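Here the protein sequences line up with chains Z and C, keeping their order.
Under my numbering, the first residue of the first sequence is numbered 1, with each subsequent residue one higher.
Under my numbering, the first residue of the second sequence is numbered 237, with each subsequent residue one higher.
Glycine included, every Cβ here is placed at the ideal spot set by N, Cα and C.
Just so you know, these numbers come straight off a predicted model, no measurement behind them.
In what follows, a structure is listed as structure tokens, so that the remarks can point back to it.
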Amino acid sequence: MTRKKVKLAYIINDSARKATYKKRKKGLIKKVSELSTLCGIDACAIIYSPYDSQPEVWPDARGAHRVLTQFKRMPEMEQSKKMMNQEGFIRGRISKAADQLKKVQKDNREKEITHLMFQCLTGKALQGLPLPDLNDLGWLIDQNLKEIYKRIDGIKKAAADVATAGNVADQAAPGQQHWFGDWIANPVGNNDQRQIGDCSYGGAVGGGRGGADDMLMAGFNDGNGNGSMWSSVFFP
Amino acid sequence: MAHGKKTKGRQKIEMKLVADDNARRITFTKRRGGLFKKAMELSALCGAEVAIVVLSAAGKAYSFGHPCVDSVVGRFTDQNDVGGDEDDDDDKCNNSCAADEPVLSRFTEQSDKLNEELESAKRRGKELEEALKGSVGPITGDYLSRLDLAQLQHLKEGLEKLRDDISGAVGGSAEGSNLAKVKEGGALDPIPYNWLKL
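This is how it looks when you write it as structure tokens:
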């Protein structure tokens, strides 16, 4: 089967057009038959062409009439609801693809900003990030915090019910301190960062900003001594 | 020739009723779409008049026709109604329901372009997911549910601090209020004139 892209335009060349017609007509009939068998539904196909005086019909004239009678018996609105012509069909495809694209882009953006969030937790500086990224980051942090508060409350309530305070204390072991660095597959060298960096949203994430190490002190040392405390925790 | 394929690819499927209800429904939707697409291509490329009517298990009717379903169906039923009633379905539309070619061509190009963009966006999504893999599992979706209390509290503190840092960097609260800017010691936005009316 050749896989050349064919432009959707009337084929000018007579013999090419006739050959295409024969092939595609055969394929179409096969497809409608498969649909009917696989899904156990009634269907019919009618094809008129300048090459045949009689239309090509599937399953056969009788079967087609049966389906069409059923069809025509339905209320006008039911018939038209899912009725399509070339333009309507293509418009529908475009709108569906556009919706899907929007959704995927939105999900991608969220993943991107989540990545940025963890980079910032492990030392990436906020200075120099473009405003849209900062705004989205703030929003995502709020969303995460909301969920975290909920879960913490839930766990505490459940723990209170069980009434064994000892268990909770055990979990704050010092060994757990290096999570954030471990949580996110720490970018090996600059490869990951570059990959993430070439996006259309201003290229803020990673990409060309150098290793997080350099930013570490600059970003977090706010004079309260917090900088050094967090750096040892987040950056193994 | 590489041996290990990444996916199973197109598999030969048996031509009989699909057993699983859900799979059948999905097959129906996908194949119906593909069928109409083929019908559209046939009509556009070869100038054929086509009508396809599909009745779903639920009793809904899906149809595709060029120039329109009614005209082709009418033409078909009329040819068998020798000398019968004057059912004008096939005269009704006069090709006014057919899209002209440049429009169709443009639409298909647009559709193809969108699908390409969709594919590349999906690929990018996979890249991003790779980057978000971590020792607590992928940091997407419901990752918070996989954290224990201590981890949640730790993350909470980290995020709260980060949020404060952001407010400083942006120079204001989420609302961008002038009040917050004054607190930060940054420059004020010019006051809109209508405030002065107060």
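Worksheet item: What does DSSP give as the partner residues of residue 44(Z) in its beta bridges?
Response: Within the first sequence, numbered from 1, the residue matching residue 44(Z) stands at position 44. Answer by DSSP bridge pairing, in chain order: 289(C).
Worksheet item: Apart from the five residues on each side of it in sequence, which residues of its chain come closer than 6 Å, Cβ to Cβ, to residue 98(Z)?
Response: Taking the first residue of the first sequence as position 1, residue 98(Z) is located at position 98. If we look at residue 98(Z) and ignore the five residues flanking it on each side, it has no Cβ neighbours.
Item to complete: Pick out whichever of 260(C), 280(C) and 401(C) has its Cα sitting closest to the Cα of residue 338(C).
Response: The residue labelled residue 338(C) in the question sits at position 102 within the second sequence. Checked all of 260(C), 280(C) and 401(C); the closest Cα to residue 338(C) is 280(C).
Practice prompt. Could you confirm whether any beta carbon from chain C is found closer than 7 Å to the beta carbon of residue 13(Z)?
Written response: Numbered from 1 along the first sequence, position 13 holds the residue referred to as residue 13(Z). Look at residue 13(Z): its C-beta is not under 7 Å from any C-beta on chain C.
Worksheet entry | residue 43(Z) vs residue 57(Z) beta-carbon contact at 7 Å | Numbered from 1 along the first sequence, position 43 holds the residue referred to as residue 43(Z). Numbered from 1 along the first sequence, position 57 holds the residue referred to as residue 57(Z). Contact: no.
Item to complete: Leaving aside the five residues before and after residue 411(C) along the sequence, list all residues of the same chain whose C-beta is less than 6 Å from its C-beta, in chain order.
Response: Taking the second sequence and counting its residues from 1, one reaches residue 411(C) at position 175. Bear in mind that a pLDDT of 48 at residue 411(C), under 50, signals an unreliable position, so the number given afterwards is only what the model happens to contain. For residue 411(C), there are no CB contacts under 6 Å within the same chain when 5 residues up- and downstream are skipped.
Worksheet item: Of all the residues that make up the stretch 290-315 of chain C, which are near chain Z by a beta-carbon distance shorter than 9 Å?
Response: 290, 291, 292, 293, 295, 296, 297, 298, 299, 300, 301, 302, 303, 304, 305, 306, 308, 309, 311, 312, 313 and 315
Discussion item. Only counting the same chain, and skipping five residues up and downstream in sequence, which positions put a Cβ closer than 7 Å to that of residue 48(Z)?
Written reply: Translated into the one-based positions of the first sequence, residue 48(Z) becomes position 48. Here the set comprises 55.
Practice prompt. Report all residues from its chain with a CB closer than 6 Å to the CB of residue 195(Z); omit the five preceding and five following residues, and keep chain order.
Written response: Here residue 195(Z) is taken as the residue at index 195 of the first sequence, counted from 1. With a pLDDT of only 42 at residue 195(Z), under 50, the local geometry of the prediction cannot be trusted, and the value read off the model is given with reservation. Around residue 195(Z), the same chain offers no residue with a beta carbon nearer than 6 Å, after the five sequence neighbours per side are excluded.
Item to complete: Report the rounded CA-to-CA distance for residue 228(Z) versus residue 346(C), giving the unit in angstroms.
Response: Position 228 of the first sequence, counted from the first residue, corresponds to residue 228(Z). Position 110 of the second sequence, counted from the first residue, corresponds to residue 346(C). Caution is warranted here: a pLDDT of 36 is assigned to residue 228(Z), below 50, making its placement in the model unreliable, and the coordinate value is therefore given only provisionally. If I take the Cα positions, the gap works out to 54 Å.
Discussion item. Please report the straight-line C-alpha distance between residue 358(C) and residue 62(Z), rounded to a whole angstrom.
Written reply: What you label residue 358(C) is simply residue 122 of the second sequence in a count that begins at 1. What you label residue 62(Z) is simply residue 62 of the first sequence in a count that begins at 1. One Cα belongs to residue 358(C), the other to residue 62(Z), and the distance between them is close to 46 Å.
Worksheet item: For residue 104(Z), does the three-state DSSP call read helix, strand or coil?
Response: For the purposes of this step, residue 104(Z) is taken as residue 104 along the first sequence, with counting starting at 1. Residue 104(Z) falls in the helix class under three-state DSSP.
Fill in: Where residue 392(C) meets chain Z, residues with beta-carbon distance less than 8 Å
Numbered from 1 along the second sequence, position 156 holds the residue referred to as residue 392(C). The answer, in chain order, is 145, 148, 149 and 152.
Fill in: Cross-chain neighbours of residue 401(C) in chain Z, by beta carbon under 7 Å
Against the second sequence, residue 401(C) aligns to sequence position 165. What residue 401(C) touches in chain Z: 126.
Discussion item. Using a Cβ-based criterion (distance less than 6 Å to any ligand heavy atom), does residue 69(Z) qualify as near the ligand PLP?
Written reply: Because no ligand of any kind appears in the structure shown, any question about the ligand PLP cannot be addressed here.
Item to complete: Compute the Euclidean distance between the alpha carbons of residue 6(Z) and residue 41(Z), then round it to the nearest angstrom.
Response: Locating residue 6(Z) in the first sequence gives position 6, counting from the first residue. Locating residue 41(Z) in the first sequence gives position 41, counting from the first residue. The straight-line gap from Cα to Cα measures roughly 31 Å.
Item to complete: Could you confirm whether any beta carbon from chain C is found closer than 7 Å to the beta carbon of residue 63(Z)?
Response: Mapped onto the first sequence, residue 63(Z) falls at position 63. Taking Cβ atoms only, chain C never reaches closer than 7 Å to residue 63(Z), which makes this a no.
Practice prompt. Go ahead and pull the three-state DSSP assignment for residue 251(C).
Written response: On the second sequence, residue 251(C) is found 15 positions in, with the first residue counted as 1. It is coil, neither helix nor strand.
Worksheet entry | Contact set between residue 101(Z) and chain C, taken where Cβ atoms lie within less than 8 Å | For the purposes of this step, residue 101(Z) is identified with residue 101 of the first sequence, where counting begins at 1. Within chain C, the residues near residue 101(Z) are 350, 353, 354 and 357.
Discussion item. For residue 132(Z), report the span of its alpha helix (DSSP H) as first-last.
Written reply: Sequence index remark: in the first sequence, residue 132(Z) carries index 132 (1-based). First-last of the alpha helix (DSSP H) with residue 132(Z): 131-162.
Practice prompt. Could you spell out the range, first to last residue, of the beta strand (DSSP E) harbouring residue 299(C)?
Written response: Here residue 299(C) is taken as the residue at index 63 of the second sequence, counted from 1. 297-302 is the extent of the beta strand (DSSP E) around residue 299(C).
Fill in: Contact set for residue 140(Z): own chain, Cβ-Cβ below 8 Å, skip 5 residues either direction
By 1-based counting over the first sequence, the position of residue 140(Z) is 140. Answer for residue 140(Z): 110, 113, 114 and 117, listed in chain order.
Worksheet item: Of all the beta strand (DSSP E) runs that stay within the bounds of the stretch 4-73 of chain Z, which reach a length of 3 or more residues?
Response: 42-49 and 52-58
Worksheet item: My guess is that residue 84(Z) and residue 272(C) are in contact by the Cβ rule of under 8 Å, so how many angstroms apart are they, rounded?
Response: Looking up residue 84(Z) in the first sequence gives position 84. Looking up residue 272(C) in the second sequence gives position 36. Right, their Cβ atoms sit about 7 Å apart.
Practice prompt. Starting from residue 83(Z), follow its DSSP beta bridges and name the residues at the other end.
Written response: Numbered from 1 along the first sequence, position 83 holds the residue referred to as residue 83(Z). Looking at the DSSP assignment, residue 83(Z) forms a beta bridge with 299(C).
Discussion item. Could you check whether the Cβ of residue 346(C) sits closer than 7 Å to any Cβ belonging to chain A?
Written reply: Checking the listed chains, one finds no chain A in this structure; the protein chains it contains are Z and C.
Practice prompt. Find the residues of chain Z that neighbour residue 274(C), judging by a C-beta separation of less than 8 Å, and give them in chain order.
Written response: Taking the second sequence and counting its residues from 1, the one referred to as residue 274(C) is at position 38. The contacting residues are 24, 27, 28 and 31.
Practice prompt. Using a Cβ cut-off of 8 Å, pull out every chain Z residue sitting near residue 252(C), in sequence order please.
Written response: If you number the second sequence from 1, residue 252(C) lands on position 16. Residues of chain Z passing the Cβ test: 37 and 38.
Item to complete: Flag residue 116(Z) as yes if its beta-carbon sits less than 7 Å from any beta-carbon of chain C, otherwise no.
Response: Taking the first residue of the first sequence as 1, we reach residue 116(Z) at position 116. With 7 Å as the cut-off, residue 116(Z) does not count as an interface residue toward chain C.
Worksheet entry | For residue 265(C), the three-state DSSP class (helix, strand or coil) | Within the second sequence, residue 265(C) is the residue found at index 29, counting from 1. Three-state result, residue 265(C): helix.
Item to complete: Can you grab the Cα-Cα spacing for the pair residue 75(Z) / residue 351(C), in whole Å?
Response: Locating residue 75(Z) in the first sequence gives position 75, counting from the first residue. Locating residue 351(C) in the second sequence gives position 115, counting from the first residue. So the two alpha carbons sit approximately 35 Å from each other.
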